[in-house]
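Residue numbers (my numbering): 6 to 264.
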């Protein structure tokens, strides 16, 4: 029996979408990106759903790109890399533009693309033990798409620090950077997230939530679509560089690279 990559359930007007690759630390690959996007659109169209919780099974929210996926990227054509980058952009913009509030429940590390997922959610709760980081530069890669969202959250100075160093940082620091909304201990996070979602369901108009989310997105990111178009092209181009190929090879072989 094939395991579902994404679990979907609805209760009390709250849709719960769970990444379900715990054996791979919930790493992203094209199939998972597609399934996540489809689940989010399903919740968006579901009249029984008012708020969405995005979480993960296992001990990691998402470790970023899947190893087999990274190996394949080295052999992609430019057109294939553009198409693949467009798929990631579609996932992030689906969350960002979705007419329903998306709450991230982060109970483990959120690294690279996983950190990108946390970045684009409307509200994020994380456990203190969770580490965050945009580690792409360490592999000769560029966090192009997520950068379009990150700078509006943290400001340019912090964004440069995080994206250029690729450093890992704990949940409390993510909170200080305005990357997430709350830090909540592991014993309470599920209840806190549920209570927050229920408060939105019971205390606010669905139409007002939708319009407010759209208002914030359109006024803070008026040039987002143009930025993302450029980011997709940069993403694809960097994947063709010698540095990217060296970085992926060192990662796959578990070798330290001397840049």
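For each residue, glycine too, the CB sits at the ideal point set by N, CA and C.
Segment contact, 8 Å Cβ cut-off, at least three pairs: the region 114-124 with the region 50-67: Touching, yes, given that three or more Cβ pairs across the two stretches are closer than 8 Å.
Does any residue of chain E bring its CB to less than 8 Å from the CB of residue 69? The displayed structure is made up of one protein chain only, and chain E is not part of it.
Between the CA atoms of residue 209 and residue 95 - distance to the nearest angstrom: Taking the straight line from one Cα to the other gives about 28 Å.
Is the number of C-beta pairs between the region 131-146 and the region 177-190 that are closer than 8 Å three or more? Output reads yes: the region 177-190 touches the region 131-146.
To the nearest angstrom, report how far apart residue 6 and residue 28 are at their CA atoms. Confidence in residue 6 is poor, its pLDDT being 48 and thus under 50, which makes the residue's placement too unreliable to answer from.
Quick one: residues in its chain with C-beta nearer than 6 Å to the C-beta of residue 255, no 5 flanking neighbours on either side, listed in chain order? Hits under 6 Å: 262.
To the nearest angstrom, how far is the alpha carbon of residue 217 from that of residue 36? Across the structure, residue 217 and residue 36 are spaced so that their CA atoms are roughly 32 Å apart.
When you compare the CB positions of residue 155 and residue 124, do they come within less than 8 Å of one another, or not? With respect to the 8 Å criterion, residue 155 and residue 124 are classified as neighbours on the basis of their beta carbons.
Take the Cβ of residue 60 as the centre, count every other Cβ of all protein chains shown within 10 Å, and call the residue buried at 16 or more, exposed below. Around the beta-carbon of residue 60, 16 or more other beta-carbon atoms lie within 10 Å, marking it buried.
Could you please give me the residues that DSSP links to residue 33 through a beta bridge? Bridge partners of residue 33: 70.
Given this structure, state the Cα-to-Cα distance separating residue 238 from residue 87, to the nearest angstrom. Distance from the CA atom of residue 238 to the CA atom of residue 87, rounded to whole angstroms, is 6 Å.
Residue 22 beta carbon less than 8 Å from that of residue 45: Their beta carbons are under 8 Å apart, which means residue 45 touches residue 22 by this criterion.
Determine whether the beta carbon atoms of residue 142 and residue 122 lie at a separation below 8 Å. Contact flag unset, no.
DSSP three-state call for residue 183: helix, strand or coil? Coil.
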